[in-house]
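Trainee: Same order as they appear, the protein sequences are chains A and B. First residue of the first sequence? That's 5 in the numbering used here, and the numbers climb one at a time after it. First residue of the second sequence? That's 5 in the numbering used here, and the numbers climb one at a time after it. Glycine included, each C-beta is placed from N, C-alpha and C at the ideal position. What you are looking at is a predicted structure, and each value in this text was computed from that prediction instead of being measured. I am attaching a structure below and will ask some questions about it afterwards.
Protein chains: 2
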Amino acid sequence: MSNLSRLYSDRAGKMRKSEIRELLKVAQDPEIISFAGGLPSPQSFPLTELEEISAEVLKENGPTALQYGTTEGVLQLREDIARQSKKEGMKDVSAENIIITSGSQQALDVVGKMFLNPGDLAIVELPSYLGGLNAFRAYECNLAGVPLVDDGMDVDALDEKLKCLKKDGLEPKFIYVVPTYQNPAGVVMPEKKRKKLIDVANEYDLLVVEDDPYGKLNYDGHHVKPIKAFDDEDRVIYMSTFSKILAPGFRLAWTVASEELTRKMMICKQAVDLCTNTFSQYIASEFMRRGSLDLHIMKITEMYKPKRDLMMAELKQHMPNGYKCNEPGGGMFAWVTLPEGIDTEIMFLDALKEKVAYVHGKAFCVDGTGGRSMRLNFSYADPSLISDGVERLGRVIKRNLK
Amino acid sequence: MSNLSRLYSDRAGKMRKSEIRELLKVAQDPEIISFAGGLPSPQSFPLTELEEISAEVLKENGPTALQYGTTEGVLQLREDIARQSKKEGMKDVSAENIIITSGSQQALDVVGKMFLNPGDLAIVELPSYLGGLNAFRAYECNLAGVPLVDDGMDVDALDEKLKCLKKDGLEPKFIYVVPTYQNPAGVVMPEKKRKKLIDVANEYDLLVVEDDPYGKLNYDGHHVKPIKAFDDEDRVIYMSTFSKILAPGFRLAWTVASEELTRKMMICKQAVDLCTNTFSQYIASEFMRRGSLDLHIMKITEMYKPKRDLMMAELKQHMPNGYKCNEPGGGMFAWVTLPEGIDTEIMFLDALKEKVAYVHGKAFCVDGTGGRSMRLNFSYADPSLISDGVERLGRVIKRNLK
């Protein structure tokens with residue numbers, strides 16, 4: 005047999021099987037309680053209404069909903085999202101500023117395609133969303149981390165870093181932030197700091213990529229406007245998704261950006277998939293038009309809030325002295341940092357033996373830190389499993405602390 | 005306002021708005037009869053059955069069909085496709101050889117990502133599928149054309165070209181072919197020639213990318229086995245799609261390749277969109293399991309065959325002396341070459357004035373030829389519009405021949 009791997013591109017040659025993915029495959033054993041994925045609760049899906057809406061879409065718009073669509077997405081859905089974005093504080097948003105993508109992952113990939121040459125630099129949070137890191141790494145770039153503090157990215161440290169880079173003649177292509185209920189750390193950047201981040205971006209004439217999948221999963225009533233709301237110089241590409249508030253299986257997300265950036269992203273997306281699933285776009289649009297999305301978000305926050313509370317309570321009971329975990333005000337994740345002496349990557353195999361899974365902290369940190377941390381998802385598992393799972397985890401940690 | 009375009013990657017800097025796309029936007033005027041797109045007839049979609057199946061999927065598999073899926077795709081659909089592929093003559097195909105992609109365009113993009121460095125060479129047909137060319141060009145490669153003859157790619161010319169390249173120390177990354185009812189030319193490569201192509205690929209130890217969206221749209225009963233059926237050395241990546249035989253709006257296609265190539269493609273796809281739309285995958289699988297896909301293909305070939313015949317008859321009546329058009333045995337396109345003195349790109353604006361649209365031939369040819377040709381789609385327009393449209397086209401051509 006021929007060895008065609010000699011033909012691989014440089015970028016593909018460097019891409020390795022994700023260890024995390026392999027570990028998570030092992031975690032699919034039904035006896036394992038998994039806090040690893042970022043999955044919505046399967047009980048959250050509005051099955052009956054989606055059945056009704058699917059039928060309605062096929063009856064009323066079948067020939068269009070099953071046909072090729074435009075690369076930028078179905079106009080009525082882009083209009084729905086533009087209206088919604090304005091309500092959330094973004095200025096002058098119209099359908100012309102919006103692209104419907106095949107999940108946020110595609111939006112992240114398009115950002116990578118559009119900006120990153122091999123060897124280019126982008127700035128990410130420490131820790132940062134794994135899927136974002138993977139999307140950018142596929143373009144053979146370098147990623148520099150700026151630490152998170154309890155209220156999001158440390159903007160003073162960012163400023164300092166940019167100053168140093170400038171001195172060395174280096175310019176990062178963009179700053180990637182998940183400012184609301186951050187994945188994995190769960191923290192929120194307050195409004196004042198968002199404005200400061202924009203000031204820094206203006207000063208250095210930088211692009212900001214604002215990834216906001218969790219903003220609407222708010223359990224304590226504190227809504228913060230997106231960074232994009234303060235973006236008077238059109239330097240923010242905002243992205244959000246239906247995956248966490250409706251259904252990941254639809255693979256629907258969107259970007260909000262200036263018309264110029266939107267046009268360029270469209271050209272990049274065109275070569276990648278022609279258009280996003282049209283049928284799902286019509287379903288999501290009808291779901292919004294009925295007012296069902298807002299009601300559904302209320303329903304799922306009511307479902308996830310007690311799960312969050314339960315996980316926090318169980319952690320208090322089962323984690324060792326000296327553990328740290330901010331109470332996440334929203335989103336899907338708890339970020340637990342354990343006392344010295346633990347390596348969560350090494351401990352993972354032991355956790356699997358105890359039939360419980362998480363994602364170890366190093367996976368989220370581009371500088372090799374995070375070894376004492378782990379990300380725990382609380383949206384997916386049933387309450388009784390959250391209790392059992394944290395208890396199991398407590399046992400594993402105790403064993404590993406000795 | 006800041007000019008962020010200075011931050012664009014080299015690849016994005018080179019990507020231009022597709023002129024074709026701009027022209028086609030103009031062609032969306034409802035008074036224009038468009039032969040330009042590659043769209044199925046909107047009357048072909050099995051709306052009632054899809055309504056039934058959508059409801060069934062949500063009732064029986066809702067929580068899974070709306071959740072994230074694996075990158076490679078829903079297992080039962082991959083098994084369905086593996087069975088189908090074996091029936092079509094491909095050997096030893098199992099679910100492990102199959103990835104479900106977001107349309108064939110994504111499969112083409114993944115091939116580009118996996119094999120093409122900037123400056124690399126790939127071999128394509130003259131003329132070749134525009135979407136394939138765009139996918140590969142996004143990776144800043146060079147494309148060399150090998151002419152099509154009446155029975156597909158000229159394999160002797162290919163052999164000659166490879167010999168010359170080898171002499172210069174150059175090795176193409178792959179050969180991209182659409183062997184059955186080629187887009188745009190409509191021709192079919194016979195079995196004997198497919199074997200010869202494989203022999204050449206074996207001799208030069210090359211990768212072959214076989215794109216087969218139209219193989220099942222067969223109007224004259226001559227089924228030819230895919231090139232992949234003769235691929236004893238695992239050097240063919242085969243791809244096909246549900247877009248032309250069920251619904252483009254589902255964005256569902258698939259690849260068949262060796263396990264090794266499949267694993268690498270999966271890693272490349274992972275960074276791009278995590279997974280393909282799960283809901284659509286369940287719908288397509290149920291459509292296959294009911295035996296409805298085969299019946300539906302019979303229905304649409306019965307719908308398209310008279311359209312093909314009608315277009316051929318109208319061309320005979322309205323095209324000028326000396327025009328050339330092979331009768332396509334299947335697929336969706338007629339490829340018309342006009343007498344000397346016509347430039348179909350220049351003529352396009354005149355055609356729009358006459359309210360008829362096509363895609364000009366140069367768009368499909370990487371060497372700048374094709375200026376006298378145009379691609380006409382016969383699957384989309386209603387029969388009465390096919391007649392009117394070809395008549396209008398005849399008038400435009402007569403005017404331009406003077």
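#1: Would residue 144/B pass as a contact of residue 14/B if the rule is Cβ separation under 8 Å?
#2: Per DSSP, which residues does residue 151/B bridge with? Please list them.
#3: Would residue 174/B be called buried (16 or more neighbouring beta carbons within 10 Å of its own) or exposed?
#4: How about residue 18/A: is its C-beta nearer than 8 Å to some C-beta of chain B?
#5: So what does residue 38/B bridge to, in DSSP terms?
#6: Report the rounded CA-to-CA distance for residue 299/B versus residue 83/B, giving the unit in angstroms.
#7: What did DSSP end up calling residue 262/B once you bin it into helix, strand or coil?
#8: Does residue 106/A come out as helix, strand or coil in the three-state DSSP assignment?
#9: So what does DSSP say about residue 344/A, is it helix, strand or coil?
#10: What's the call for residue 157/A, buried or exposed, on a 16-neighbour Cβ count within 10 Å?
#11: Please list the partners that residue 272/A has in chain B, where partner means a Cβ-to-Cβ separation under 8 Å.
#12: Compare the C-alpha of residue 333/A against each of 155/A, 362/A and 138/A and name the closest.
#13: Mind listing which residues of the region 103-122 of chain B have their C-beta closer than 7 Å to chain A's C-betas, in chain order?
#14: Anything in chain B within Cβ reach of residue 12/A, meaning under 8 Å, just list it in chain order.
#15: Could you tell me whether the region 39-59 of chain B touches the region 57-73 of chain A, where touching means 3 or more Cβ pairs closer than 8 Å?
#16: Which partner residues of residue 179/A appear in the DSSP bridge assignment?
#17: How far does the beta strand (DSSP E) with residue 336/B in it extend, from its first residue to its last?
#18: Is the CB of residue 276/A under 8 Å away from at least one CB in chain B?
#19: Please report whether the beta-carbon of residue 147/A lies at a distance below 8 Å from any beta-carbon of chain B.
#20: Keeping to the same chain, check which residues put their C-beta closer than 7 Å to that of residue 188/A; ignore five residues upstream and five downstream.
#21: Along the alpha helix (DSSP H) that carries residue 244/B, what are the first and last residues, could you check?
#22: Using a Cβ-Cβ cutoff of 7 Å, what residues of the region 310-339 of chain A are near chain B? List them in chain order.
#23: List the residues of chain A that residue 281/B touches, going by C-beta distances under 8 Å, in chain order.
#24: Determine whether the Cβ of residue 308/A lies closer than 8 Å to any Cβ atom of chain B.
#25: Quick one: list the residues of chain B neighbouring residue 77/A, beta-carbon separation under 9 Å, in chain order.
#26: May I ask you to report which of helix, strand or coil DSSP gives residue 157/A?
#27: What does residue 233/A reach in chain B if we use C-beta pairs closer than 9 Å?
#28: Measuring only the C-alpha atoms, how far is residue 159/B from residue 210/B?
#29: Does the Cβ of residue 285/A have 16 or more other Cβ atoms within 10 Å, making it buried, or fewer, making it exposed?
#30: Could you tell me whether the Cβ atoms of residue 273/A and residue 103/A are closer together than 8 Å?
#31: If you follow the alpha helix (DSSP H) that residue 296/A is in, where does it begin and where does it stop?
#32: Considering residue 19/A, what are the terminal residues of the beta strand (DSSP E) in which it resides?
#33: Name the DSSP beta bridge partners of residue 381/A, please?
#34: Does any residue of chain A bring its CB to less than 8 Å from the CB of residue 46/B?
#35: Check the Cβ of residue 138/A against every Cβ in chain B and list those closer than 8 Å, keeping chain order.
#36: Just the chain A side, please: which residues come within less than 9 Å of residue 62/B by C-beta, in chain order?
Mentor: With the structure as the only source:
#1: Here residue 144/B corresponds to residue number 140 of the second sequence, with the count starting at 1. Here residue 14/B corresponds to residue number 10 of the second sequence, with the count starting at 1. It is a contact, given that the beta carbons lie within the stated cut-off.
#2: Reading the second sequence from its first residue, position 147 is the one you call residue 151/B. DSSP output for residue 151/B lists 130/B as bridge partner(s).
#3: Here residue 174/B corresponds to residue number 170 of the second sequence, with the count starting at 1. Flag for residue 174/B reads exposed.
#4: In the first sequence, counting from the first residue as 1, residue 18/A sits at position 14. Taking Cβ atoms only, chain B never reaches closer than 8 Å to residue 18/A, which makes this a no.
#5: Start at 1 with the first residue of the second sequence, and residue 38/B comes out as number 34. Bridge partners of residue 38/B: 361/B.
#6: To locate residue 299/B, count along the second sequence from 1; it is residue 295. To locate residue 83/B, count along the second sequence from 1; it is residue 79. Approximately 20 Å between the Cα atoms of the pair.
#7: Looking up residue 262/B in the second sequence gives position 258. If DSSP states are grouped into helix, strand and coil, residue 262/B belongs with coil.
#8: Stepping through the first sequence from its first residue, residue 106/A is reached at position 102. DSSP places residue 106/A in coil when its eight states are reduced to three.
#9: Taking the first sequence and counting its residues from 1, one reaches residue 344/A at position 340. Correct three-state label for residue 344/A: coil.
#10: Translated into the one-based positions of the first sequence, residue 157/A becomes position 153. Residue 157/A comes out buried.
#11: For the purposes of this step, residue 272/A is taken as residue 268 along the first sequence, with counting starting at 1. Under the 8 Å cutoff, chain B gives 16, 19 and 142.
#12: Position 329 of the first sequence, counted from the start, is the residue given in the question as residue 333/A. That would be 155/A, whose Cα lies nearest to the Cα of residue 333/A.
#13: 106, 107, 109, 110, 113, 117, 118, 119, 120 and 121
#14: As a first step, residue 12/A is located in the first sequence; it is residue number 8 there, counting from the start. The contacting residues are 118, 119 and 268.
#15: yes
#16: Working through the first sequence from its first residue, we reach residue 179/A at position 175. Paired residues: 127/A and 212/A.
#17: One-based indexing of the second sequence puts residue 336/B at position 332. Neither: residue 336/B is in no beta strand (DSSP E) and is coded neither H nor E.
#18: On the first sequence, residue 276/A is found 272 positions in, with the first residue counted as 1. Yes, because at least one Cβ of chain B sits closer than 8 Å to the Cβ of residue 276/A.
#19: Looking up residue 147/A in the first sequence gives position 143. No, its Cβ sits nowhere closer than 8 Å to a Cβ of chain B.
#20: Within the first sequence, residue 188/A is the residue found at index 184, counting from 1. Excluding residues within five positions, the ones whose Cβ falls inside 7 Å are 131, 337, 339, 368 and 379.
#21: In the second sequence, counting from the first residue as 1, residue 244/B sits at position 240. Here residue 244/B belongs to no alpha helix (DSSP H); instead the beta strand (DSSP E) covers 240-245.
#22: none
#23: Sequence index remark: in the second sequence, residue 281/B carries index 277 (1-based). What residue 281/B touches in chain A: 106, 253, 254, 255, 281 and 284.
#24: Position 304 of the first sequence holds residue 308/A. No, because no Cβ of chain B sits closer than 8 Å to the Cβ of residue 308/A.
#25: If you number the first sequence from 1, residue 77/A lands on position 73. None at all; the shortest Cβ gap to chain B is about 12 Å.
#26: As a working note, residue 157/A is residue 153 in the first sequence. Three-state DSSP puts residue 157/A in a strand.
#27: Mapped onto the first sequence, residue 233/A falls at position 229. In chain order: nothing, as chain B lies at least about 17 Å away.
#28: If you number the second sequence from 1, residue 159/B lands on position 155. If you number the second sequence from 1, residue 210/B lands on position 206. In a straight line, the C-alpha of residue 159/B is about 14 Å away from that of residue 210/B.
#29: Taking the first residue of the first sequence as position 1, residue 285/A is located at position 281. By the 10 Å Cβ count, residue 285/A comes out buried.
#30: For the purposes of this step, residue 273/A is identified with residue 269 of the first sequence, where counting begins at 1. For the purposes of this step, residue 103/A is identified with residue 99 of the first sequence, where counting begins at 1. It is a contact, given that the beta carbons lie within the stated cut-off.
#31: Locating residue 296/A in the first sequence gives position 292, counting from the first residue. From DSSP, the alpha helix (DSSP H) with residue 296/A extends over 296-322.
#32: The residue labelled residue 19/A in the question sits at position 15 within the first sequence. No beta strand (DSSP E) contains residue 19/A, which DSSP labels as neither H nor E.
#33: Taking the first sequence and counting its residues from 1, the one referred to as residue 381/A is at position 377. DSSP, once it has assigned bridges, lists 337/A as partnering residue 381/A.
#34: Translated into the one-based positions of the second sequence, residue 46/B becomes position 42. So, interface residue.
#35: Within the first sequence, numbered from 1, the residue matching residue 138/A stands at position 134. Per Cβ cutoff of 8 Å: 274 and 275.
#36: Mapped onto the second sequence, residue 62/B falls at position 58. Chain A residues near residue 62/B: 49, 51, 52, 54, 55 and 58.
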